[in-house]
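Residue numbers 1 to 218, in UniProt numbering, belong to the letters of the sequence shown in order. Here a beta-carbon is modelled for each residue, glycine too, at the ideal position from N, C-alpha and C.
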Amino acid sequence: MSSKTSTAAPSETYLDLLMIVYGSTASDPLDDSRFCGEGQRRVEVRLAPAIPPDAATSLRRRQEWAHKLAQRTTLDMKHSQAWHCEFCDKLARESFVQNAGWFHLDPPKLNIYVHLVCNSVVGPCAARLRETADLFAEQSGGGPDPHKRMPDRFAPAHRFPPAASCLCCQAEQTVGKELKRCGACKLVRYCSAACQKEDWGRHKATCKAIKEVKWVWK
């Protein structure tokens, strides 16, 4: 387990953001124990990004800002480990995100659940993912929506980079290599100092917002 702790300045308005990423390794069993139970492989990342003044003026603006932030941050979550599909032993390539938010609280709170899979559109793992997504929607008080529950806007033939690759170059050749973690957030991984330097302009906002990284890794 790696952790980094910090406290936002008292004058800041910040979002209490928890992102939980689910996946596996190739050696995990192929039965339901792979993706069920408290010991399921995952990383829990707590962030406290400062809310811009213009986004803090209304509930709607806080929600819009938070969801755009989560979309940007999901890339960092994806490339945090040599992840395999949550449901099988193939490399994870796609991320499917669900969320639950409480933006009326002080501070506002948002939980993001990221499922890393080999294919989110077709095949047995996509079917498992649909079951997981529907169950979450029902438990959250909403019914399954067959038109919105899956990211079918992506063409099934598109091949996404593996989560196990370098965050910056995302090259297939970096899978299986000893990638180095960012020394500050202790989360994201790079194949070289050059890649880390190139990605810093994008990653730095997420890096500074990360307060704790907790691994559940059997």
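Uninterrupted beta strand (DSSP E) stretches at least 3 residues long and entirely within the stretch 59–103 occur at 94–102, given in chain order.
Using a Cβ distance threshold of 8 Å, K214 and E44 count as a contacting pair. Across the structure, W200 and G37 are spaced so that their CA atoms are roughly 36 Å apart.
Between the stretch 158–175 and the stretch 83–94, the count of Cβ pairs shorter than 8 Å is three or higher; the stretches touch.
Nearest neighbour of L116 by Cα position, chosen from F96, P29, L105, L110, turns out to be F96.
Bridge partners of H115 according to DSSP: Y22, F96.
With a cut-off of 8 Å on Cβ pairs, the stretch 48–67 is not in contact with the stretch 125–132, counting fewer than three such pairs. Taking the Cα of L59 as reference, the smallest distance to any Cα among K109, L75, G183, Q139 is reached at K109. If you compare the alpha carbons of T73, T57, H67, L91 with that of S27, the shortest gap goes to L91.
Taken atom to atom, the span from the alpha-carbon of N99 to that of Y113 is near 6 Å. DSSP, reduced to helix, strand and coil, places R42 within a strand of the structure shown.
For F136, same chain residues with a beta-carbon under 8 Å away, outside a window of 5 residues either side, are Q98, Y113 in chain order.
The beta carbon of C185 is closer than 6 Å to those of C207, I210 in its chain, skipping five residues each way along the sequence. The straight-line gap separating the alpha-carbon atoms of R41 and L30 is approximately 13 Å. Under the three-state reduction of DSSP output, L129 falls in the helix class.
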